[in-house]
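One rule links them: number in the working numbering = place in the sequence shown (from 1) + 65.
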Amino acid sequence: KKDPKECEVCIANLEAIDALIDKDEKTSKQSIMEGITKHCGDLQNEAPNPNLNSRDRKMCYYFEPIRAAIAQPFSTRMPKDRVCKRLKKDNAEICEVKYPVQVDENISPEEFLAKLKKMRVKELKGILNDRGVKCEGCLEKDDFIKRIVETKHMSTDL
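Below, the structure written as structure tokens:
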């Protein structure tokens with residue numbers, strides 16, 4: 066089954082880079098590479114764009130060394146999801162980065178629990194990891210869910 070969130074961070078960053086490039090420059094590889102640098106900040110001098118969240122910054126660290134490989138399909142106006150899938154062949158991690166799951170603050174505890182139960186253990190571990198919480202002795206899915214509910218106050222986004 067295809068993951069709807071596959072490559073979401075990659076696609077979002079490519080869209081943001083695309084928005085920075087002038088309409089008549091979109092086929093210029095040089096302009097695209099400059100757009101990547103403008104979006105990501107100066108990573109060579111360890112000065113990433115402070116406006117980016119941790120997931121976007123991580124994607125930029127993947128993009129920086131392969132700017133030319135991104136610029137090539139980008140300049141042919143290939144759809145962003147296809148560019149990401151092509152990059153995935155060389156670095157599988159590009160499509161592994163995902164944004165944290167957002168949960169509406171107004172939902173009831175029952176709905177919150179139901180949403181957690183639909184998630185995979187890997188996603189539940191990711192939530193705890195984002196919060197910086199260890200789950201000692203967690204073996205079953207229910208153990209992870211219980212720990213997430215206990216630490217719900219630690220994060221506005223789930």
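A virtual CB, placed ideally from N, CA and C, is assigned to each residue, including glycine.
Nearest candidate by alpha-carbon position, reference residue i, set the options
i, options, result
"ALA77", "PHE209, ARG122, LYS94, THR141", "ARG122"
"LYS217", "THR141, PHE177, LYS187, PHE139", "PHE177"
"GLY191", "ARG120, ALA133, VAL148", "ARG120"
"PRO174", "ILE86, GLU90, LYS91, GLU215", "GLU215"
"ASP33", "SER140, MET124, LYS187, ALA81", "Coverage of the chain is limited to positions 66 through 223, which leaves residue 33 absent and any answer about it impossible."
"ASP195", "LYS163, LYS183, ALA179", "LYS163"
"CYS72", "CYS200, ASN156, LYS199", "ASN156"
"ASN116", "SER93, ALA81, LYS70, PRO144", "ALA81"
Assigned exposure category for residue i - 16 Cβ within 10 Å defines buried
i, result
"HIS104", "buried"
"GLY202", "exposed"
"GLY197", "exposed"
"ARG212", "buried"
"LEU181", "buried"
"ALA136", "buried"
"ILE172", "exposed"
"SER96", "buried"
"LEU204", "exposed"
"MET219", "exposed"
"ASP222", "Note that ASP222 scores a pLDDT of 48, beneath 50, so its modelled location is shaky; the value from the coordinates is reported in the next line. Exposed, because fewer than 16 other Cβ atoms sit within 10 Å of the Cβ of ASP222."
Anticipated Cβ contact below 8 angstroms, residue i with residue j, distance rounded
i, j, result
"CYS75", "ILE159", "5 angstroms"
"ASN114", "GLY106", "4 angstroms"
"ARG142", "LYS91", "7 angstroms"
"VAL186", "LYS154", "No, VAL186 and LYS154 are not in contact; Cβ-Cβ is about 28 angstroms, not under 8 angstroms."
Beta-carbon gap between residue i and residue j smaller than 8 angstroms
i, j, result
"ARG151", "PRO138", "yes"
"ILE210", "LEU193", "no"
"CYS125", "LEU79", "no"
"PHE128", "ILE86", "no"
"ALA133", "MET98", "yes"
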